[in-house]
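Numbering (this note's numbering), first residue to last: 8 to 115. The structure under discussion appears below in the form of structure tokens.
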Amino acid sequence: SGDMLLQALLGCAGVTLRSVATAMRLELGGVRLHAEGYFDARGTLGVDRSIPVGLQDVVVTAEVDTDADDATLTRLAELTERYCVVAQSMREAPRFVVRRTSRSIVDG
8 SGDMLLQALL GCAGVTLRSV ATAMRLELGG VRLHAEGYFD ARGTLGVDRS IPVGLQDVVV
68 TAEVDTDADD ATLTRLAELT ERYCVVAQSM REAPRFVVRR TSRSIVDG
């Protein structure tokens, strides 16, 4: 579901943000991340096939406890976005294949 995707994004972004801050030698206190995902349910429910299934827009807001200036925080955000694997996978969708197996998964 969209909620699980956003949770994965926040987990990855949080770890990435801390790693980037360490590389930048930036001291952080608390960090609070919040994600909002926007979608048109008509696509997900199959009501209108012209509407995409899934999230169309995602916004992550970061509240960071630090004395860093705006330029440093902007760079932190840019690098977090760049190196977050989940964010990049959402941005540049990987090839996705569902393979069927011929083995029965039913006991018997």
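Virtual Cβ for every residue (Gly too), placed ideally from N, Cα, C.
For residue j and residue i, believed in contact at Cβ under 8 Å, the rounded distance
| i | j | result |
| --- | --- | --- |
| G21 | T73 | That pair is no contact at about 15 Å. |
| V38 | L86 | With 8 Å as the limit, V38 and L86 do not qualify as a contact, their Cβ atoms being about 14 Å apart. |
Proximity of residue i and residue j at Cβ, strictly below 8 Å
| i | j | result |
| --- | --- | --- |
| G18 | L62 | no |
| L16 | V93 | yes |
| T68 | H41 | yes |
| L83 | M31 | yes |
| D76 | Y45 | no |
Buried/exposed call for residue i, threshold 16 Cβ in 10 Å
| i | result |
| --- | --- |
| T108 | exposed |
| L52 | exposed |
| T29 | exposed |
Residue i (DSSP reduced to helix, strand or coil)
| i | result |
| --- | --- |
| E34 | coil |
| E99 | coil |
| D76 | coil |
| V22 | helix |
| D10 | helix |
| G50 | helix |
| T68 | strand |
| L16 | helix |
| L62 | coil |
Same chain, Cβ closer than 6 Å to residue i, neighbours up to 5 away in sequence not counted
| i | result |
| --- | --- |
| V66 | E43 |
| C91 | C19, A20 and T23 |
Other residues of its chain near residue i: CB distance less than 7 Å, five sequence neighbours each side excluded
| i | result |
| --- | --- |
| V60 | G50 and T51 |
| A78 | none |
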